[in-house]
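Every number in the numbering used here is 9 more than the matching position in the sequence shown, counting from 1.
Just so you know, even glycine gets a beta-carbon here, dropped at the ideal spot from N, CA and C.
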Amino acid sequence: MPQRTLFDYLRYLMVAVFAFILFTTASQAQDAEQEITPVGVNRVIEEPLNQTMSVIGRLVARQSGVVAARTSGPVGEFNAQIGDRVTASQIVAVLIKDAHESRRDLWLAEVAKAKAAIGTSQAELKLREQELKRLHDLEQSAAFSQARLDDKAQEVAVAKSAISELRAALRIAEANLRLAEIDLYNVDIRAPYHGVITKRHTEIGAFVRAGDPLVTLIDDSTLEIDADVPTERIAGLTFGVTIPFQYGDGTTGTATVRAIIPDENPLTRTRSVRFTAILGSDVPLAVNQSITLKIPVGARRMAITVHKDAVLNRGGRRLVYLALDGKAVIRPVELGEAVGTRFEVLQGLKPGDLTIVRGNERLFPDQHISFDDPAN
10 MPQRTLFDYL RYLMVAVFAF ILFTTASQAQ DAEQEITPVG VNRVIEEPLN
60 QTMSVIGRLV ARQSGVVAAR TSGPVGEFNA QIGDRVTASQ IVAVLIKDAH
110 ESRRDLWLAE VAKAKAAIGT SQAELKLREQ ELKRLHDLEQ SAAFSQARLD
160 DKAQEVAVAK SAISELRAAL RIAEANLRLA EIDLYNVDIR APYHGVITKR
210 HTEIGAFVRA GDPLVTLIDD STLEIDADVP TERIAGLTFG VTIPFQYGDG
260 TTGTATVRAI IPDENPLTRT RSVRFTAILG SDVPLAVNQS ITLKIPVGAR
310 RMAITVHKDA VLNRGGRRLV YLALDGKAVI RPVELGEAVG TRFEVLQGLK
360 PGDLTIVRGN ERLFPDQHIS FDDPAN
């Protein structure tokens with residue numbers, strides 16, 4: 010075949026192929042324009058915007074600490090072991106009480122002695138008063154002596170003073186008796202509140218003094234959440250604000266701000282915030298257990314939002330298909346912060362607009378669509 014004829018043949022073939030492509034594209038566009046495509050829609054809404062950040066907190070006990078001895082003595086027995094749950098006023102340890110019982114008996118005797126001494130002094134006072142009365146009766150007789158009368162009156166005054174002194178000694182003895190009884194009562198070491206024993210600080214036979222620790226007790230029934238929140242995020246937290254939280258196993262709950270501690274850590278620029286929460290009894294809890302809190306980033310405000318599935322990225326632009334009069338109308342939008350499964354809309358949409366969230370990737374502008382009412 011001549012070379013010129015071959016070139017003409019190839020040229021005609023390319024023209025035919027190009028014409029076929031144009032015809033096919035035009036037919037597809039026409040079919041797409043006429044075809045009704047089912048899509049899913051979601052309405053643009055206005056809602057409170059409350060962006061959050063995750064902060065790691067921990068469970069803390071409102072009551073915890075050591076149970077100390079209130080008196081001195083050797084440890085006689087332990088009635089509770091590590092891990093045991095105790096109730097308020099339950100005896101967890103006992104000191105050997107022999108010395109305390111003897112001290113109590115000693116002061117009982119001192120009280121009895123003081124009472125007897127007062128009785129003796131009162132009898133002596135009565136005797137002196139009788140003698141003083143007889144001397145007064147002799148004032149008109151020749152046997153009367155003024156010196157003896159004055160001496161006897163002074164003896165009466167001394168006897169009264171001695172009784173006052175003995176009564177003071179009785180009060181001292183009674184006070185010491187009460188102290189001895191308190192020490193005897195305190196040989197039984199009692200739990201000050203409900204809780205779980207987590208540590209023993211001594212053993213049977215060891216001598217302890219008043220104030221020495223015996224066991225560590227944690228009240229795990231009054232746990233609350235403590236979190237170090239960045240100072241710049243404190244503005245979103247006020248007394249009574251409720252925020253969501255999550256355990257490590259994924260279980261969720263809500264907590265309420267109880268207090269913001271006015272003490273800032275200069276190294277981390279954080280402040281301690283305490284939260285109260287209804288902690289589920291079916292979730293195993295422990296002091297220092299980690300909790301993830303969703304802290305609001307700033308003050309709450311109203312914002313127009315669109316579902317994330319409605320947003321398409323085309324050539325560096327963000328576009329949304331709207332369902333208008335049975336057609337897919339493309340609309341450029343300007344978006345702000347992400348709010349869960351939605352974006353804040355800064356420009357391009359208004360509340361109530363129906364955006365296409367399912368099937369929008371294959372749509373053409375002004376393509377006919379069908380959809381169910383989003384309310385259903």
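Beta-carbon proximity check, residue i vs residue j, cutoff 8 angstroms
{"i": "A132", "j": "L179", "result": "no"}
{"i": "V217", "j": "A78", "result": "yes"}
{"i": "P305", "j": "R327", "result": "no"}
{"i": "L321", "j": "D362", "result": "no"}
{"i": "I172", "j": "L134", "result": "yes"}
{"i": "G449", "j": "I213", "result": "Past the boundaries of the shown model lies residue 449; the chain is included only from 10 to 385, so the question cannot be answered."}
{"i": "R113", "j": "A182", "result": "no"}
{"i": "R310", "j": "F284", "result": "no"}
{"i": "V95", "j": "G204", "result": "yes"}
{"i": "N51", "j": "P383", "result": "yes"}
{"i": "P201", "j": "V76", "result": "yes"}
{"i": "G245", "j": "T265", "result": "no"}
{"i": "T100", "j": "D197", "result": "Strictly speaking, residue 100 in this sequence is Ile, with Thr absent from that position. Yes; because the gap between Cβ atoms is below 8 angstroms, this pair is in contact."}
{"i": "I269", "j": "I287", "result": "no"}
Cut-off 6 angstroms between Cβ atoms - residues of its own chain near residue i, not counting five sequence neighbours on either side
{"i": "T80", "result": "D192, N195 and A219"}
{"i": "A236", "result": "V64, G66, V282 and L302"}
{"i": "S98", "result": "R199"}
{"i": "K208", "result": "T225"}
{"i": "A126", "result": "L175"}
{"i": "Q255", "result": "T261 and T301"}
{"i": "Q298", "result": "L68"}
{"i": "Q60", "result": "V306 and E346"}
{"i": "F87", "result": "A102"}
Cβ separation of residue i and residue j, assumed to be a contact under 8 angstroms, to the nearest whole Å
{"i": "T251", "j": "T263", "result": "5 angstroms"}
{"i": "G66", "j": "I234", "result": "5 angstroms"}
{"i": "G92", "j": "G368", "result": "Contact flag wrong, Cβ pair sits at about 60 angstroms."}
{"i": "I365", "j": "A337", "result": "6 angstroms"}
{"i": "L115", "j": "P83", "result": "So it is not a contact: roughly 20 angstroms between Cβ atoms."}
{"i": "L223", "j": "A102", "result": "5 angstroms"}
{"i": "I300", "j": "L58", "result": "At roughly 25 angstroms, the Cβ-Cβ gap does not stay under 8 angstroms, so I300 and L58 are not in contact."}
{"i": "A168", "j": "R187", "result": "Between R187 and A168 the Cβ distance is about 29 angstroms, and since that is not below 8 angstroms, they are no contact."}
{"i": "H377", "j": "E44", "result": "7 angstroms"}
Opposing strand residues paired with residue i [DSSP bridges]
{"i": "A312", "result": "E56"}
{"i": "V95", "result": "G204"}
{"i": "G262", "result": "F254"}
{"i": "R326", "result": "R323"}
{"i": "P47", "result": "S379"}
{"i": "D237", "result": "S281"}
{"i": "F352", "result": "V315 and A347"}
{"i": "A286", "result": "A264"}
{"i": "N297", "result": "N297 pairs with nothing; no bridge assigned."}
{"i": "R367", "result": "G49"}
{"i": "E148", "result": "DSSP, once it has assigned bridges, lists no residue as partnering E148."}
{"i": "V64", "result": "L302"}
{"i": "A332", "result": "A337"}
{"i": "L232", "result": "A70"}
{"i": "I269", "result": "V282"}
Beta-carbon contacts of residue i that lie in its chain and below 8 angstroms, excluding the five residues immediately before and after
{"i": "R71", "result": "D228, T231, L232 and E233"}
{"i": "N185", "result": "W116 and E119"}
{"i": "I313", "result": "V53, I54, E55, E353, V354, L358, K359 and P360"}
{"i": "E273", "result": "T240, T279 and R280"}
{"i": "P47", "result": "G368, I378, S379 and F380"}
{"i": "G345", "result": "A312, F352, E353, V354 and L355"}
{"i": "A41", "result": "Model confidence at A41 stands at a pLDDT of 49, short of 50, so the residue's coordinates are unreliable; what they give is reported in the following sentence. Closer than 8 angstroms at Cβ, skipping near neighbours: F373 and Q376."}
{"i": "P271", "result": "R280"}
{"i": "R371", "result": "T46"}
{"i": "R157", "result": "L144"}
{"i": "H210", "result": "V75, D221, P222, L223, V224 and T225"}
Residues near residue i by beta carbon distance below 7 angstroms, same chain, minus five either side
{"i": "L141", "result": "K161, A162 and V165"}
{"i": "S130", "result": "A168, A171, I172 and L175"}
{"i": "V238", "result": "V64, L246, T279, R280, V282 and I304"}
{"i": "G335", "result": "H377 and I378"}
{"i": "E110", "result": "L193"}
{"i": "K106", "result": "L193 and V196"}
- Item | Complete runs of the beta strand (DSSP E) confined to the segment 164-229 [at least 3 residues] | 197-199, 204-209 and 222-227
- Task: Could you name each continuous beta strand (DSSP E) segment of 3 residues or more that falls completely within the segment 70-139, going from the start of the chain to the end?
- Result: 73-77, 82-87 and 100-104
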